[in-house]
Every structure is written in C-alpha cells, then in structure tokens.
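Input: a single structure, listed below in structure tokens.
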Amino acid sequence: MVFDYLASGLVFSSIIVLGSIGLSLIYSIADFANFAHGDTMTVGAYAAFVTFGAVGGLGGAVLGLPYGFFVALLAGIAVAAVVAIVTEKVVYEGMNAGSIELLITSIGIAFIYRAIIQIGFGADFTRYQIQSLRPIEALLPYGVRVTVHDVAIVASAAVLVGGLHVLLQYTDLGRKMRAMADNPDLARISGIRTDRIKLWTWILGAGLAGSGGVFLGLYNQLSPRMGFNLLLLIFAAVILGGIGSVYGAMLGGFLIGMINQLTPVLSDIRLLTDMGALLPLVPDSFGITIGIEYANAIAFVIMVAVLLVRPNGIAGEAV
Amino acid sequence: MRVVSDPRGYWADLTGAERAVVAFIVGFAALLVVGLLTGALAPTYFLYLVGIAGMYSLLSFGLNSQWGFTGLINFSVAAFFGIGAYGTALMSASSSPIAGGFVPVVGLLVALVVAALLALAIGIPTLRLRADYLAIASLGLAEVVRLVVLNERQWTNGSAGVRGIPQFFEGWPVLATLPQTMPGLVVRPLPGTEIVLETPFWSALLNVVVVLGFVGGSYAILRRAHRSPWGRVLRTIRSDEDLARALGKNTYGFKMQSFVLGSLIMALAGVFYAHLNLFVSPGDLDPVTTFYVWVAVILGGSGSNRGALFGGFVIVAIREGTRFLSGISSFVVDLGVVALEFDLSWLTSNVAPLRLLLIGALIVLLMRYRPQGVLPPQRELIWPSVVDRAPGTLDSGVRDVQAGETDE
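Respectively, the protein sequence lines represent chains A and B.
Using the numbering used here, you'd call the opening residue of the first sequence number 4 and step up by one each time.
Using the numbering used here, you'd call the opening residue of the second sequence number 197 and step up by one each time.
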C-alpha cells in the first residue's frame, strides 16, 4: 500500500511543483503573493480542453496520449502566459501599490478568471476526451496502481522543470532573473532591464502554472474551482521550500504532494481516534480521525508550523 | 442633530464622495419606499433584506477593526462567521448532535467564547508573521475550520447542517410569543394596494430589532475605540509597526486585542444569521463570504466605520439584486427603425458566476482607482468638538483635508 501512496504522491507532487515554481518566481520578482495563481492553472486547463476538442485525434500516441494532447498542452501554457501578461499590463503595471494592495487585487483577478470560465463552461466537472487507462499490469503485483498517463505527467513535468533549470543556470535571462530575485535594486542599477525580466517571469510562472493545470485536469477532472482548491497547497509548498527560491519551491512542492497523498497512512494510526480511551474523564469516542478528507488541512498546519519555526523555509536563509 | 438643525450647513460640510453616498442612500431608500407602497416589495422580504444588510455590516465592522484599524489581513472571516452560527445553533437547536435545547442567549455566549478562543488559537501563531503570511495562513486555517465542520459528523451533523434553530427571543417572557399575539394588520397605503402584516412580519421585525441592536452597539463601541488612545496605537501599528514598537508599545498585544475584538463581532453576525435563517450548513463557511466582506470594507473605506456600514448595504444590494437578473433572458433596444434584441440568457441563466465576476471586478477597480474607498475615515478620526472649537478663520488644516486630501 505504501508504495502505491508514494507513486501517486510522485504524480501529485509533479503537479504541485509546476504550480509552486511559478508562484515562487512571481512572489520574489513581482513581490507579492499572487492569489490568482491557482486560477491561472484553471485557465491553462480549460484552454487545453478547448484546443484538444479541436485537434483531438491528431496523429499517433505517446504514453497513451495522442499527439493532439501535447498540442493542447502547449496551447494551455501559451494561453495562461498570455492571460498573465495581459493582466500584468492592464492591471498590475499601472498600480503604484505595495505588496498588500497587489495581493488583494490578485484576489479580484482570481474571481474574474474563475467567473469567466464558469460563464463559458458551466460549474460542472468535465474531462478531456481521452480514454482513461487501466493501471500498468507490471506494477500491480507490488500494489502500485499507476496508469501510463501518470507516467506521462511525471515525465512531462520533469522535462519542464529540467528546462527551467537550464534556463536559470545557463542563459542570460536566467542569470538576470536570479539577480533580480536576489536584489531588485542592485539588479536595476547593474543595468538589467527589470521591467522586461518581470514580464518574462510572468510568462514563465504562468506558463508553468498552465501546464500544471493541464496535468491536474488529466489526473483528476476539470472544474472552475480546480485551481483555487489547489492554491493553498501550493502556498504551503512555496512557504515550506522558502519564498523566492525556485529550487526550494521544487522541494516544497515535492514534499507537500507526497504528504498529501500519504495522508491515508495517518488514518491507520489510532492515537487521535482513540484519544478518549487514553485520557481519563473523556468519552471513549472523543477524537478526530485523520482521514483523507483532512489531507489539505495537514498541509496548512505544516505551513503554519514552518512559518513559526523557520519563516524563510527550508531553502531560504535562516533568520 | 446637525442634519435636522442645520441641513444646509451639514450638506456644505460634506465631501464630494459623501454627498454622492448620501444621494445614493436617499435615492435607494426612495426606491424601496415606492416598492413597499406599491406592493412590489413584500414587507417581510424587505425586513429580511434589512436583517441581511445588518449582518453584513456587522461582518464589515469586525473586519474593519482588524484590517482598517490595525492592518491585519484576515482571510478567515467566513470561519468566525461560521463559528458564531454553529456555536449558537449547536447549543439551541432541537436537532443539535451535542447539546441543544438551551435558550439562544446561552448559545450567543458560547459562540462568543468559542470565537474568542479560536481567534487566540489563530492569532497566537500568525500575528507575529509578516502581513502576507498572515493572509495565507488565515485562509488556510479557515479552510481547516470548514473541513472540521464538514467532516466531524458526530459534533456538527456534517454536510446535513443543523436544523430546528429557535428564534432569538425563544424563552424570553413577552418577546417569545409577541409575533403570534400581535394582531394581523391590513394596510392600504395607496388605493388598490393592500398589504397584510401578520406573524411572519412581526417576527421579521423582531429580527431587525436584534440586528439593529447588535449593529448599533458594535458601532458605538468601535467608534469610541477608534478615536481613543487605544485606537490611535492601532493606527500607528497600521502605518508603521516599527515606529509603534520603538515608542514602547507591545504591538503583538495590541494586534491580538484588535484581532479578538473583530472576531467577536464577526461571530455576533453569525449568531444573528443562525437565528434569522433557522438553518446552518458548512456551505455558510465558504471562503467567498470572506471576500464579500473584504469588498464591503474596501469599498466603504478601510478604517472607516461608516464606510463599513455602507459597504455592508452595497454588498446586499449586489447579492440580492443579481437575483432579479435571473428573470431577464433578453434585452431589447428599440431604435425606432429597428429593434435590436440581445440574448442575455447565457449570462443571466446562472447568476452565481455573474456575482463572482462583479465582486472580482469591484475589487480590481477599487484597488486600481480608489484604494482608499468611497468614505475614507478622515473625519472619523477627529472628535467633532475639536473641529467645532477650532478658530473660524482656519483656512488650512482639518476642513481642507476633509475636502481634498484622502490620506488617513
């Protein structure tokens, strides 16, 4: 069983990582907590949904996914990036506001994205028109139930994250972005055109979020709330990893995804359930069973604990 | 007072925004009166609207005393509202899985105690954090509260909610049975219209009395607190926490007081809601309630109690007004020569996303173009007597600031 949880943890982590890298980049370079990031994922997912409807049966298939799906993935990434750029240009750029005002504005933006999607597609759940697959036979004896689609998600996420790593470490843009994340003022007086770097950050962050949304839609299903529901997990991941650190976001996303999917293990621990039996003067049935319905709650509690003990996260500098 | 004795002077003293608000309120009230007189608006529904508006105003007061006074970003308004509603519901409802059957006043006290404890439990770890961390953490903790309410069936009935909540005055000597004993009245305000006022009307009237009591009490306390030395410290913390600390103030303690105070007022709104709606469910803890209240506070003007009151009423206008849109399926523009018909059913068939869009657009537009809100608190921070005692020749200073500058 534990292997199965670990495997689905890996798949879920891939999605969380894609979301949290973007959030972390925007947090450090645009300098505010972007509450619209989850809904940017939803935008990507629905853009892919529309594209896939148009080009669905294109060509052959890789890892159980038709070529058309990868076209849809690219469309999802592109639309999420374009939407983010338009939002930055129209709303955020002209505002002479602090990080808190931007944070509140981003909530409005999140609602606008979600409302438009809901007006266009309704509030119900939908799916990509892709046959769902049976778990891979070879892994079943080990109790691991993953489909080829899950493998595709992890592989694609690895490619995207690897690409970002190369970009950050070996290209001019990546060096400038790191410089700006480190110290925006110093970056500016060093002659880096920070406005342009900021735009690129939005493109990269929202693009990754869009891809995360597409994979989330493939992993579960699509709904207008899908991204918002994931947002707090992504925040937990970013804070756990350390705000401003892309590699911290990867680590935090990995850990939060794993913890989230490993929650069922907790319900096997009887301590909290039977607290009443252990404590005098308390009814026997007293206690909270930590089942999978509390998977998100555990992530938030971890997040608050991290904020208390080490506000800069794992990869951030110690205070 | 002054409005009655010197209406002209009162009007001349108002800023442009205040005049617009007064005109809006007068116009809106006139519209409602016309609706009432012609029978288009049922009196009971009207009282229900007043009750809901009072409830939102309470929530806005609560948030205003956290965000507007002290600058604490609290995204767990819905959680405190829900704690208030569930606190009193679980104590007084007949279907309550734990206690049940107590008089609502006991429920009120329990709800307030639980809300204060929750505020401490959320505040102790998070109030030391940076503002944006507090925002994220409080949203997360509100979600934890919602999940607990949703899933701990043995305490809260889970997704089925709690039914059988009594009216607020249940168990009181006269008021409990007042709606039943009041005679039915038939009012004919205009020839041809007839309005019947019976038991539901009187009980709705009692609810309005309750909420007006809560709102009035909170307003009086907050107004006094905001101008007091205590409120002055809070405002200092809001604009520069380091300064407040440098002046020797225990900023953490002040933030905690402000946080608990606001949370109690939010729980009070929840208590009222439970006894108005007579049913509570985990859906009442949905985060979108939190953002409705945020819109009300930002719209009214952060830090301004009058603004919070105004914002609460506007939110109800948005929420209930969009209901009427669902009846409109097409929109015809008659140009004389041709009549253009716009099909709006795709937009109005489902008002929930439309409402979300309105709220989102309102947040963005406000933050973009008028972050200080419609009624910024410039005048509220000053004791009126100070202004009146100021020399008449004062041509710069307070009165100027009222008209022009909008900084707090």
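Idealized CB from N, CA, C, for every residue including glycine.
All values derive from a computational prediction rather than experimental measurement.
Exposed or buried, which one is THR234(B) when buried takes at least 16 other CB atoms within 10 Å?
-> Residue mapping note: residue 234(B) aligns to position 38 of the second sequence, counting from 1. Result: exposed.
Does any residue of chain A bring its CB to less than 8 Å from the CB of ARG502(B)?
-> Here residue 502(B) corresponds to residue number 306 of the second sequence, with the count starting at 1. Closer than 8 Å: no.
Any C-beta of chain A sitting closer than 8 Å to the C-beta of ASP603(B)?
-> On the second sequence, position 407 is the one that residue 603(B) refers to. Its pLDDT being 47, under 50, ASP603(B) is placed unreliably in this model, and the value from its coordinates should be taken loosely. No, because no Cβ of chain A sits closer than 8 Å to the Cβ of ASP603(B).
Leaving out five residues before and five after ARG595(B) in sequence, what residues of the same chain have Cβ atoms less than 6 Å from its Cβ?
-> Numbered from 1 along the second sequence, position 399 holds the residue referred to as residue 595(B). The pLDDT assigned to ARG595(B) is 49, lower than 50, so where the model puts this residue is not dependable; a value taken from the coordinates is nonetheless given after this. The answer is none, since no qualifying residue turns up.
8 Å Cβ shell around GLU516(B) - same chain, five flanking residues per side excluded | Stepping through the second sequence from its first residue, residue 516(B) is reached at position 320. Closer than 8 Å at the Cβ level, and outside the excluded window around GLU516(B), lie LEU245, ILE248.
Do the region 74-86 of chain A and the region 138-149 of chain A touch if we need at least three Cβ pairs shorter than 8 Å?
-> no
Would you list, in chain order, the members of the region 553-574 of chain B that have their beta-carbon closer than 9 Å to a beta-carbon of chain A?
-> LEU553, LEU554, ILE555, GLY556, ALA557, LEU558, ILE559, VAL560, LEU561, LEU562, MET563, ARG564, PRO567
Confirm, please, whether the CB-CB distance from THR284(B) to VAL467(B) is below 8 Å.
-> Residue mapping note: residue 467(B) aligns to position 271 of the second sequence, counting from 1. Residue mapping note: residue 284(B) aligns to position 88 of the second sequence, counting from 1. Yes, these two residues count as a Cβ contact at 8 Å.
What does a CB cutoff of less than 7 Å around THR204(A) pick up in its chain, not counting 5 residues either side in sequence?
-> Reading the first sequence from its first residue, position 201 is the one you call residue 204(A). Closer than 7 Å at Cβ, skipping near neighbours: LEU28, ILE29, ILE32, ALA33, MET180.
Listed in chain order, which residues of the region 253-277 of chain B have Cβ atoms closer than 9 Å to some Cβ of chain A?
-> GLY267, ILE269, PHE271
Leaving aside the five residues before and after GLU601(B) along the sequence, list all residues of the same chain whose C-beta is less than 7 Å from its C-beta, in chain order.
-> The residue you call residue 601(B) lines up with position 405 of the second sequence. Interpretation of GLU601(B) is limited by its pLDDT of 45, a score under 50 that renders its predicted location unreliable; no figure is taken from the coordinates.
For PHE487(B) versus ILE110(A), is the C-beta distance shorter than 8 Å?
-> On the second sequence, position 291 is the one that residue 487(B) refers to. On the first sequence, position 107 is the one that residue 110(A) refers to. The answer is yes: Cβ separation under 8 Å.
Short check: CB of LEU457(B) to CB of SER292(B), under 8 Å?
-> Taking the second sequence and counting its residues from 1, the one referred to as residue 457(B) is at position 261. Taking the second sequence and counting its residues from 1, the one referred to as residue 292(B) is at position 96. No; because the gap between Cβ atoms is not below 8 Å, this pair is not in contact.
Chain A residues whose Cβ lies nearer than 8 Å to that of ASN347(B) | Working through the second sequence from its first residue, we reach residue 347(B) at position 151. Those within 8 Å of ASN347(B) in chain A are GLY294, GLU296, TYR297.
Classification of SER135(A) by the beta-carbon crowding that lies within 10 angstroms, buried from 16 upward | Along the first sequence, read from residue 1 onward, the residue named residue 135(A) stands at position 132. That one is exposed.
Between the Cα of GLU390(B) and those of ALA213(B), PRO321(B), GLY231(B), spot the shortest distance and give me the residue it belongs to.
-> Within the second sequence, the letter at position 194 stands for residue 390(B). Of the listed residues, the one whose Cα sits closest to GLU390(B) is GLY231(B).
Tell me the start and end of each unbroken beta strand (DSSP E) in the region 418-493 of chain B that is at least 3 residues and wholly inside, in chain order.
-> none
Check the Cβ of LEU235(A) against every Cβ in chain B and list those closer than 9 Å, keeping chain order.
-> Position 232 of the first sequence, counted from the first residue, corresponds to residue 235(A). Chain B residues near LEU235(A): ILE332, LEU335, GLY336, GLU339.
Is the CB of ALA599(B) under 8 Å away from at least one CB in chain A?
-> Within the second sequence, residue 599(B) is the residue found at index 403, counting from 1. Note that ALA599(B) has pLDDT 48, beneath the 50 cutoff, so the model's placement of it is unreliable and no number is given.
Is ASP436(B) buried or exposed, if buried means 16 or more other CB atoms sit within 10 Å of its CB?
-> If you number the second sequence from 1, residue 436(B) lands on position 240. So ASP436(B) ends up on the exposed side.
Where LEU313(B) falls: helix, strand or coil (DSSP) | Stepping through the second sequence from its first residue, residue 313(B) is reached at position 117. Of the three classes helix, strand and coil, the one that applies to LEU313(B) here is helix, per DSSP.
Report the partner residues of ILE391(B) according to the DSSP bridge assignment.
-> One-based indexing of the second sequence puts residue 391(B) at position 195. Per DSSP, VAL383(B).
Alpha carbon to alpha carbon, how far is ILE461(B) from LEU374(B)? Give it in angstroms, no decimals.
-> As a working mapping, residue 374(B) is identified with position 178 in the second sequence. As a working mapping, residue 461(B) is identified with position 265 in the second sequence. Their Cα atoms are separated by approximately 27 Å.
Exposed or buried, what is LEU143(A) when buried is set at 16 or more other beta-carbons lying within 10 Å of its beta-carbon?
-> Here residue 143(A) corresponds to residue number 140 of the first sequence, with the count starting at 1. LEU143(A) is exposed by the Cβ-count criterion.
Thinking ALA463(B) and ALA307(B) are a contact (beta carbons under 8 Å), I'd like their distance in whole angstroms, please.
-> The residue you call residue 463(B) lines up with position 267 of the second sequence. The residue you call residue 307(B) lines up with position 111 of the second sequence. Indeed they touch by this definition, with Cβ atoms about 5 Å apart.
Touch check for the region 560-571 of chain B and the region 503-518 of chain B: three-plus C-beta pairs under 8 Å?
-> yes
Report the three-state DSSP secondary structure of ALA64(A) (helix, strand or coil).
-> Residue numbering aside, residue 64(A) sits at position 61 when the first sequence is read from its first letter. Residue state, collapsed to three classes: strand.
Taking only beta-carbon positions, decide if THR108(A) is within less than 8 Å of chain B.
-> Locating residue 108(A) in the first sequence gives position 105, where the first residue counts as 1. By this cut-off, THR108(A) is an interface position.
What are the start and end residues of the alpha helix (DSSP H) that includes GLN609(B)?
-> Only positions 197 to 604 of chain B appear in the structure, and residue 609(B) is not among them; the question remains open.
Since GLY336(B) and PHE303(A) are thought to touch, with beta carbons under 8 Å apart, how far apart are those beta carbons, to the nearest angstrom?
-> Within the second sequence, the letter at position 140 stands for residue 336(B). Within the first sequence, the letter at position 300 stands for residue 303(A). Indeed they touch by this definition, with Cβ atoms about 3 Å apart.
Could you check the C-alpha separation between GLY497(B) and PHE265(B) for me, to the nearest Å?
-> The sequence position of residue 497(B) within the second sequence is 301, counting from 1. The sequence position of residue 265(B) within the second sequence is 69, counting from 1. So the two alpha carbons sit approximately 11 Å from each other.
What is the residue span of the alpha helix (DSSP H) that GLU214(B) lies within?
-> Translated into the one-based positions of the second sequence, residue 214(B) becomes position 18. Its alpha helix (DSSP H) spans residues 212-234.
Taking THR174(A) as part of the alpha helix (DSSP H), name the residues at either end of that continuous run.
-> Your numbering for residue 174(A) matches position 171 in the first sequence. Taken as a continuous stretch (DSSP letters only), THR174(A) belongs to no alpha helix (DSSP H), as it is neither H nor E.
Count the other CB atoms within 10 Å of the CB of SER201(B); is the residue buried (16 or more) or exposed (fewer)?
-> Residue mapping note: residue 201(B) aligns to position 5 of the second sequence, counting from 1. Result: exposed.
Does the distance from the CB of ALA160(A) to the CB of PHE218(A) come in under 8 Å?
-> Position 157 of the first sequence, counted from the first residue, corresponds to residue 160(A). Position 215 of the first sequence, counted from the first residue, corresponds to residue 218(A). The answer is yes: Cβ separation under 8 Å.
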